[in-house]
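Trainee: Take this structure, written in structure tokens, and hold onto it; I'll ask about it next.
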Amino acid sequence: MKNKRLEADELEVQRQEVLKQWSTGAGVNLEEAVTYHKAMPAEKVFAAKLAKAKAEGATLAQPRGGTTLLQEQIDLLQYLQDEGGADFLPTTIDSLNRQNRYQEAEKVIEDSKKAGHSLRNGFPAVNYGVVACRRIIESVNLPCQVRHGTPDARLLAEITLAGGFTDFEGGGISNNIPYAKNVSLEETISNWQYVDRLVGLYEEQGVRINREPFGPLTGTLVPPCISHSVGVIEALLAAEQGVKNISLGYGQCGNLIQDIAAVRSLTELGEEYLAKFKYKGMMLTSVFHQWMGGFPQDESQAFGVISWGAVAAALAKATKVIVKTPHEALGIPSKEGIAAGIKATKQIINMVRNQALLNSEELEREKEGIKVETRAIVDKILELGDGDIAVGTVRGFQAGILDIPFAPSRYNAGKILPVRDAQGAVRFLDHGNLPFDKEVIEFHQERIAERGRIEGRDPSFQMVIDDIYSIGKGRLVAIGS
Ligand SMILES: CCC[C@H]1O[C@@H](n2cnc3c(N)ncnc32)[C@H](O)[C@@H]1O
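Numbering (this note's numbering), first residue to last: 1 to 481.
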């Protein structure tokens, strides 16, 4: 375990083993794939479109979406492009591919074909292979990204990148701790060094592949410094392997000032740490995920939540916003529901476009606070790793220096407890073993105490529970129940 670029022979040994994990691995030929990518029109290259949006200060919209059947996936993406007005397209991967359970995924495909419709959520890309992925790519005119949560994404990356996808989500922490219970960080950091090295190989051949650490993590009340620390670490790990294009992500918390401060501090911190380790030629962008927690069942209220997320993304000038749908609380959304989420979002973006948010003193303080907290975590992790961010990450999680709220992984300390303050900003009710100094801890405690005074109750775990359900019940801060 070390944060060092994989040697060519080391990677090649692994590649031979990975490409044998399923029959479709035989369809991957890197040189041929590079040629395929080089023929890709510029408007379908994710990093190129992100760079243009960043230069223009535009916020582009992307939905999620995946189906079992190939033709349904093509129909879905064409609909989201033509009817939804999406700027980027997804292919959300199914749960079985995410666990490398390709045999079972094969059965789901067969059963879906017999049934005449997709039986499970998400597209089993590994089972379909390179040629089928290229059919998806060639059926649309927009850049396509692989979205998933896969601890061992090596074969998925080989097949989808050779298949023409130009953006790949995930990372050794963000696709482990929120997604798995028993997979070690050593294993997933190593798996994702492979993925990032593969992207590095494409980059060295002149093929731009964008990488997007999964910012929202467990998706509920994740304090900005926690998601930022993971994003910065995964960006450093990726850059070491030759990745050049990275989108750093953040999941909306709901208080506008905090969310804008979070987006702006995220890329600033990314630039800061990449420069500290002297990585050159990096193209960093930001991704804002509309609220990832519980949604109201009522579709009109759901549009309120979606629109509020669109406002925050646009005012923060996030390069990309991942949109939700009015069916979020109900189940797998229809293509019409996904398109509706995109259209509501783009309406807001177009209305907010030229409205600059007054740079309030509160916004600056919030941004500085997030930077102080994130630096405290990342610098402590580097210290624990004697300068090696990979080693430091493993030790940091063991010591609870980095700790993700509500994560299933047994490698996560699970000591921190987030709760909203009176304005709905997410604070630490319990900061666990996070390496914060007194002023930081007191700041959070005071903001939470203020809410306690207003609500006439002591800050407690009950507040946390109330906040987890509050947006679904139509509020941001649950008034003492
Ligand atoms: C980590 C991402 C979880 C979110 O991913 C969205 N999601 C899942 N499956 C689909 C789908 N088939 N179409 C559109 N969105 C989808 C839901 O919002 C969910 O909360």
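Virtual Cβ for every residue (Gly too), placed ideally from N, Cα, C.
1) For Pro143 versus Lys44, is the C-beta spacing smaller than 8 Å?
2) In this structure, what does DSSP give as the bridge partners for Ala344?
3) Reducing DSSP to helix, strand and coil, say where His117 ends up.
4) Going by C-alpha to C-alpha distance, which of Lys324, Phe288, Trp308, Asp298 sits closest to Ala318?
5) With distance defined between alpha-carbon atoms, name the residue in Leu155, Ala132, Thr160, Arg154 nearest to Gln145.
6) At a cut-off of 7 Å, is Thr325 close to ligand 1 when judged by its beta-carbon and the heavy atoms of the ligand?
7) Cβ of Ile332 within 7 Å of any heavy atom in ligand 1?
8) Please go through the segment 257-322 and give each complete beta strand (DSSP E) segment of 3 or more residues, from N-terminal end onward.
9) Just to confirm my understanding: we take Lys380, look at its own chain, exclude 5 residues before and 5 after, and list those with CB closer than 6 Å. What are they?
10) Consider the C-beta atom of Thr92 and the heavy atoms of ligand 1; say whether any pair is separated by less than 7 Å.
11) Three-state secondary structure (DSSP) at Ser247?
12) Using three-state DSSP, classify Thr91 as helix, strand or coil.
13) Pop quiz: Val419 and Ile448 are said to be a contact at Cβ under 8 Å. What is the actual Cβ separation, rounded to whole angstroms?
14) Compute the Euclidean distance between the alpha carbons of Glu383 and Gly304, then round it to the nearest angstrom.
15) Does ligand 1 have a heavy atom nearer than 7 Å to the CB of Ile338?
16) Going by DSSP, what residue range makes up the alpha helix (DSSP H) through Ala162?
17) Could you check whether Leu266 and Tyr279 sit closer than 8 Å to each other, using their CB atoms as the reference points?
18) Considering only heavy atoms of ligand 1, does any lie closer than 7 Å to the CB of Arg64?
19) Apart from the five residues on each side of it in sequence, which residues of its chain come closer than 6 Å, Cβ to Cβ, to Met292?
20) Taking DSSP as the reference, what is the three-state secondary structure of Arg395?
21) Compute the minimum distance between the beta carbon of Asn412 and the heavy atoms of ligand 1, and state whether it is under 7 Å.
22) Near Ile482, which residues of its chain fall below 6 Å by C-beta distance, leaving aside the five closest residues on each side in sequence?
23) Using a Cβ-Cβ cut-off of 6 Å (strictly less than) and excluding sequence neighbours within five positions of Gly396, which residues of its own chain qualify?
24) For the segment 322-334 and the segment 350-369, state whether three or more C-beta atom pairs, one from each stretch, are separated by less than 8 Å.
25) My output table needs one value for Arg98: the three-state DSSP class, helix, strand or coil.
26) What first and last residue would you give for the beta strand (DSSP E) that runs through Pro418?
27) First and last residue of the alpha helix (DSSP H) that includes Leu363?
28) Grab the span of the alpha helix (DSSP H) containing Asp167 for me, first residue to last.
29) My output table needs one value for Ala61: the three-state DSSP class, helix, strand or coil.
30) Candidates Val372, Ala329, Thr374, Leu315: which alpha carbon is nearest Ile349's?
31) Do you know whose CA, among Phe443, Ala153, Glu12, lies nearest Val126's CA?
32) Locate the beta strand (DSSP E) running through Arg211, then write down its first and last residues.
33) Sort out for me which residues DSSP pairs Phe443 with in a bridge.
34) Which residue comes first and which comes last in the beta strand (DSSP E) that contains Arg427?
35) Taking only runs that begin and end inside the segment 2-68, name each unbroken beta strand (DSSP E) of 3 or more residues, in chain order.
36) If I measure Cβ to Cβ from Gly65 and keep anything under 6 Å in the same chain, skipping five residues before and after, which residues do I get?
Mentor: In short, the structure shows the following:
1) yes
2) In DSSP, Ala344 forms no bridge with anything.
3) coil
4) Phe288
5) Thr160
6) yes
7) yes
8) 283-289, 320-322
9) Ile401, Pro435
10) yes
11) strand
12) strand
13) 6 Å
14) 44 Å
15) yes
16) 154-162
17) no
18) yes
19) Pro216, Gly219, Gly251
20) helix
21) no
22) There is simply no residue 482 to check, as the chain begins at 1 and stops at 481 in what is shown.
23) Ile381, Leu384, Leu402
24) no
25) helix
26) 417-420
27) 361-384
28) It is not in any alpha helix (DSSP H) - Asp167 instead sits in the beta strand (DSSP E) that spans 167-169.
29) strand
30) Leu315
31) Ala153
32) 210-212
33) The partner list for Phe443 (beta bridge, DSSP) is empty, contrary to what the question assumes.
34) 426-430
35) 60-62
36) Leu76, Pro90, Thr92, Ile338
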